[in-house]
Each structure stands twice: as structure tokens, then as C-alpha cells.
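Peer 1: Below you'll find the structure I mean.
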Amino acid sequence: MAKVPVQFRLNGSDRAAFVDAPETLLETLRRGLGDFAPKYGCGQGACGVCTVLVDGEPQLSCLTLSISCEGRQIETASGMANGPELHPLQAAFMDHFAAQCGFCTPGMLTVARALLSRNPNPTRDEVVEAISGNICRCTGYEPIIAAILTAAGSPASRRAGGGNHA
Amino acid sequence: MLDVRSCASLSEAAGILSGDRQAHLIGGGTLVMREVNEGRLTSGTLVRVTDPAFRQMSAGGARIEIGAGVTMAMVLANRDLAFLHPAARAIGGPAVRTMATVGGNLFAQTPYGDFTVALLALDAQIVVQAGYSSGRGIPIEEFLAARERGGQGLVTAVQFARPQNAGDFRFRKISRVKPKGISLMSIAALLPAAGGRISQPRIAYGAMAPTPVRARGVERALEGKTLDAGAIHAARQAALEGCRPATDAIASEWYRREVLPVHLGRLLAGEER
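Residue numbers (the working numbering), protein chains in the order written: chain L, 78 to 243; chain D, 4 to 276.
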């Protein structure tokens, strides 16, 4: 089958790839472009580890066709830090021990980032709702919720609207 | 080999879907791509619709039309559809709601498809376009009965009348995991009142039969009654008519039958839980 060219912005950089027509965005990101932050988990939309932002909205990259992302803005957890300087969410996750095995962490960070970008001062219930599509099997949800609430309260996060603070 | 066709018009997509039984519409991807990832869908054509009409909504008037490609997130962002927000919010987490479409939900297998339960209670018409002809409305019950046969063409939109009062429409999803969990069941109720008495109610269940079903016994029990304790008791007594729930990983058939009258009673009484 002939490959199809696709171009989009990934974490602020223009990227292009040749993909199979039914290829998922997750496959393109990991195999084609070397961004290993989003993971393959369930492949069904139940676990959330493949979550990325497409034009600022959380989307499951394992269920998204790459060709549907032509010309769009893709953001992954890889693009959150500014060099050695962690994003406030990443720092808060570290401070609250909100990552144990780390497999769910990129997805959690991504949905948290989407939440804070539209709602800089979420309630606890709103945080719970925001991460409701993401499964954690080892850390436990309380440290994750605490980390997101802490990041929401940090001045750096507020200035950046929870988004890339670079 | 699996291929993808991107269609700039509804007619083009409908033509492909009507003429090729190996063609599958891909809306948000939350159903079809699962099949691809699990290796159950390995050949044929995935049909994408890029026509903006597929994602249009007309929600301001008495008659509402929602394009089949409208996502749950778009429904939630529309204030005119506030009465439907509980049903849209019942679908997955935020990422799923960004992707999952109203049209796709019509094809979700039980115990999924909670939004369709709401559409059934609202007596929706499903607009289906076959071939290059214009679309025609099919009553949702007829559509659901024929759903498994497939090959009907392209679902382009759903249409229904706005409830006269927002409070006339009620929806509840019951799940073990909060706030997001697979349905143990869902219940939608349209309870129009005339002179304080219920007139032509429509009650629908999800996960209580192979497809969403109407609770005709409950509708008969409520017709012409005021929504008081006596009417709610009668509705609970009739709650299980027509139900054929399954035993699955979420709940047993026995459990679903046991708790349905309880949740129906709470919904009708306006209790929070």
C-alpha cells in the first residue's frame, strides 16, 4: 500500500511523516517520530495512556488516524518541560510522588494540562472528572489529584494557563 | 488490507457505504479503531467524512438536529442542549468525549450506547442517506431493530423535538465506578405534563436488553397520572416489562433486574441517587 504524507506541528515543531492510511497517531508518534511519551495500553480507549492534545483537546492517539491530524497542533508530555526546567505539573507530580511505575504519567500530565489551560483553578471534583479517563494501577489517584491541585495553585502554572510555560 | 477513503461530501460517503459491505464509516474512531487495534478489522475500507455538514448542529429551535459527526464534547459545549448534557457526560472520560460522536453512539453495543438511550426517550428520527439520494428519517426504534443487518447507508444526523420544559427530560447512568464507568444500566425519561398529569411519557433503558429498549409498561403506568408516590410505585411494579438483560463483567442479569426498579423510582422521584 502506498504511503500517505502527513504534516502537523508536534510540540511546536513542524513534523512530517509518510504513514500507512490506517496508521494511528500513536504509531506515527512512537515509531515514525520517536516521541515515546504516549504509550500503547489497552488499544480500546479505556486506559488513557496514549492521550495527547490535538488542537488543545485531549484525544486518544491509539484511536486516532494519523491522516486526520494533517495541519493540526499535537502536544505530548514530551513537550512540557523547557529544557531542564520542568513544567509546574511535572514538578508537582515529582513533589507529591504522583508517579510510581510512570506508565500512566504522560497521559495524566496531558489531561491535567488540558484541564488547567481552560480552568486554572479547578475544584477537586473537576480534577477527578478530568482524569476519569486515565487509569493508574500502582501510584493511586490521591497523589495525582494532590499534584494537579498544587500545580493549579502555583503562580507559574497560572501565568502559563497550565500550558507550555516556555 | 485496510484502506481509508476521505470523503468531502456526505453523498460520496453514502455511496461507498451503500455499495460496499466491506466499507465502515469511521467517525471519532472510538468504536472502529478498537476493532482495528484488536485485529478484528483487517480488510476493507474505512470511510472518513470531512464534509462540515456532518458536524453541524441546529439546536436553537423547537426541532433539534444534530449532525452524526458531532462529538459529545460539542454537545456539552452547546447551552441549547443543556438538557442532554447528563447523557453526553455519561460517555467515557474527556478524551473519549472529544472523539466519540452522536452517530457512532447509535452503533455502540450494549452495555455502551448511553446517549442512544436518551435519543430513544426523545423519540428521535435517524436521518439515513443511502447511495446518492437525499436522507430520510427513520424512527429510532426501527433503526435499532435493523442496526445489526447493516448496509443501510450513512447516518447523517439525528432529529428530535425539544422537550417543552427542560425538567421534562431526565437521564441517569448507573455504574459502579464514578465518575466514569461502564453502564450497569442507563435510564432516560421524557415526562411531559398537561394539567399536572403525565401525558405520553417515553421511558428508555440501556443495558437492559441487546439494544436500548422502551419501558412500555412504565409508560402505561404513568399515563394520565400525577407523578406522586402511587404512580411511582406502579411504575416500579411495571419496570421489568420487556427487559432481557445480559450477564456480563459489569453485572449479572439477576442484579440488573433487582436494582432497575430502585433506580427507576429514584429517577422519577427526582432523587439525586
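Ideal Cβ placement from N, Cα and C applies to all residues, glycine included.
(1) Give the single residue among D/Pro204, D/Thr214 and D/Lys176 whose Cα lies nearest to the Cα of lysine 3 of chain D.
(2) Just by C-beta distance, which residues in the region 203 to 215 of chain L are closer than 9 Å to chain D?
(3) Per DSSP, glutamate 152 of chain L is paired with what?
(4) Just to confirm, is the Cβ distance from arginine 8 of chain D to threonine 48 of chain D under 8 Å?
(5) Report yes if the CB atom of leucine 230 of chain D is closer than 8 Å to the CB atom of alanine 124 of chain D, and no otherwise.
(6) Using only the alpha-carbon positions, how far apart do valine 35 of chain D and alanine 103 of chain D sit?
(7) Considering only the alpha carbon of each residue, which of D/Phe163, D/His266, D/Ile253 and D/Ala91 lies closest to proline 142 of chain D?
(8) Residues of chain L with CB closer than 8 Å to the CB of alanine 76 of chain D, please, in chain order.
(9) With distances taken Cα to Cα, identify the nearest neighbour of valine 73 of chain D among D/Arg100, D/Glu41, D/Cys246 and D/Ser137.
(10) Looking at arginine 269 of chain D and cysteine 246 of chain D, is the spacing between their C-beta atoms short of 8 Å?
(11) Is the shortest distance between the beta-carbon of leucine 226 of chain L and the beta-carbons of chain D less than 8 Å?
(12) Could you have a look at tyrosine 208 of chain D and say whether DSSP puts it in helix, strand or coil?
(13) Closer than 8 Å, CB to CB, is valine 73 of chain D near chain L or not?
(14) Report the neighbours of aspartate 6 of chain D on chain L: residues whose CB is nearer than 9 Å to its CB, in chain order.
(15) Of the choices L/Thr101, L/Glu100 and L/Ala94, whose alpha-carbon is the least far from that of leucine 256 of chain L?
(16) Between the region 80 to 112 of chain D and chain L, which residues of the former have CB atoms less than 9 Å from a CB of the latter, in chain order?
(17) Locate the alpha helix (DSSP H) running through alanine 16 of chain D, then write down its first and last residues.
(18) Closer than 8 Å between beta carbons: that is the criterion. Which residues of the region 26 to 40 of chain D meet it against chain L?
(19) Does any residue of chain L have a CB that is nearer than 8 Å to the CB of arginine 51 of chain D?
(20) Take the Cβ of asparagine 88 of chain L as the centre, count every other Cβ of all protein chains shown within 10 Å, and call the residue buried at 16 or more, exposed below.
(21) Give the interface partners of proline 248 of chain D over in chain L, defined as CB-CB distance under 8 Å, in chain order.
(22) What residue from L/Ala79, L/Gly118, L/Glu206 and L/Tyr218 has the CA that sits closest to histidine 173 of chain L's CA?
(23) For the alpha helix (DSSP H) that histidine 266 of chain D lies in, which residues bound it at each end?
(24) Would you grab the beta carbon distance between threonine 159 of chain D and leucine 13 of chain D for me? Rounded to a whole angstrom, and I think it's under 8 Å.
(25) Output, in chain order, the set of chain D residues within a Cβ distance shorter than 8 Å of threonine 128 of chain L.
(26) Look up histidine 236 of chain D in the DSSP assignment and say whether it is helix, strand or coil.
(27) Could you confirm whether any beta carbon from chain D is found closer than 8 Å to the beta carbon of glutamine 150 of chain L?
(28) Can you find a C-beta in chain D that's less than 8 Å from the C-beta of glutamine 121 of chain L?
(29) If you count every other CB in all the chains shown that lies within 10 Å of the CB of serine 145 of chain L, and 16 or more means buried, which is it?
(30) Which residues share a DSSP beta bridge with proline 82 of chain L?
(31) Suppose you measure from the CA of arginine 200 of chain D to the CA of glutamate 226 of chain D; what does that come to, to the nearest Å?
(32) Does chain D have any CB closer than 8 Å to the CB of alanine 182 of chain L?
(33) With DSSP as the reference, label threonine 45 of chain D as helix, strand or coil.
(34) For a contact meaning CB atoms closer than 8 Å, what does cysteine 146 of chain L contact in chain D?
(35) Under 8 Å between C-beta atoms, does cysteine 139 of chain L make it to chain A?
(36) For the region 179 to 195 of chain D, list every residue whose C-beta sits within 7 Å of some C-beta in chain L, in sequence order.
Peer 2: Well, looking at it:
(1) Because chain D is modelled from 4 through 276, residue 3 of chain D falls outside the range shown and cannot be assessed.
(2) When CB distances to chain D are screened at a threshold of 9 Å, the residues of the region 203 to 215 of chain L falling below it are Val205, Glu206, Ala207, Ile208, Ser209, Gly210 and Asn211, in chain order.
(3) The partner list for glutamate 152 of chain L (beta bridge, DSSP) reads L/Leu130.
(4) For arginine 8 of chain D and threonine 48 of chain D, yes; Cβs fall inside 8 Å.
(5) For leucine 230 of chain D and alanine 124 of chain D, no; Cβs fall outside 8 Å.
(6) Taking the straight line from one Cα to the other gives about 11 Å.
(7) Closest option to proline 142 of chain D, Cα to Cα, is D/Phe163.
(8) One finds Glu134 in chain L with Cβ atoms closer than 8 Å to the Cβ of alanine 76 of chain D, taken in chain order.
(9) It is D/Arg100.
(10) Pairing cysteine 246 of chain D with arginine 269 of chain D gives a Cβ-Cβ distance that is not under 8 Å.
(11) No - not a single Cβ of chain D is within 8 Å of the one on leucine 226 of chain L.
(12) In the structure shown, tyrosine 208 of chain D sits in a strand (DSSP, three-state: E or B).
(13) Under the Cβ distance rule, valine 73 of chain D does not count among the residues neighbouring chain L, no pair being separated by less than 8 Å.
(14) Among the residues of chain L, those whose CB is under 9 Å from the CB of aspartate 6 of chain D are Met78, Ala98 and Pro99, following chain order.
(15) Lying outside 78 to 243, the shown extent of chain L, residue 256 of chain L is not represented and no answer is given.
(16) Result list: Arg92, Gly95, Gly96, Pro97, Ala98, Val99, Arg100, Thr101, Met102 and Ala103.
(17) The continuous alpha helix (DSSP H) containing alanine 16 of chain D extends over residues 13 to 22.
(18) Answer set for the region 26 to 40 of chain D: Ile29, Gly31, Gly32, Thr33, Met36, Arg37, Val39 and Asn40.
(19) Cβ-Cβ to chain L under 8 Å: yes for arginine 51 of chain D.
(20) Looking at its Cβ environment, which holds 16 or more other Cβ atoms inside 10 Å, asparagine 88 of chain L is buried.
(21) Residues of chain L whose Cβ lies closer than 8 Å to the Cβ of proline 248 of chain D do not exist, since the nearest Cβ in that chain is about 22 Å away.
(22) L/Tyr218 is the residue among L/Ala79, L/Gly118, L/Glu206 and L/Tyr218 whose C-alpha sits nearest the C-alpha of histidine 173 of chain L.
(23) Note, histidine 266 of chain D: alpha helix (DSSP H), 256 to 272.
(24) Contact flag correct, Cβ pair sits at about 5 Å.
(25) Correct list: Ala98.
(26) Histidine 236 of chain D: helix per DSSP, three-state reduction.
(27) Not one chain D Cβ lies under 8 Å of glutamine 150 of chain L.
(28) Yes, contact with chain D.
(29) It is buried - the Cβ of serine 145 of chain L has at least 16 other Cβ atoms within 10 Å.
(30) L/Phe95.
(31) Each residue's alpha carbon lies about 8 Å from the other.
(32) The question names alanine, but residue 182 of chain L is threonine in the sequence shown. Answer no: the Cβ-Cβ gap between threonine 182 of chain L and chain D never drops below 8 Å.
(33) If DSSP states are grouped into helix, strand and coil, threonine 45 of chain D belongs with coil.
(34) Simply none; closest approach about 12 Å.
(35) Of the protein chains in the structure, L and D, none is chain A.
(36) For the region 179 to 195 of chain D, the set of residues with a beta-carbon nearer than 7 Å to any beta-carbon of chain L comprises Pro182 and Lys183, in chain order.
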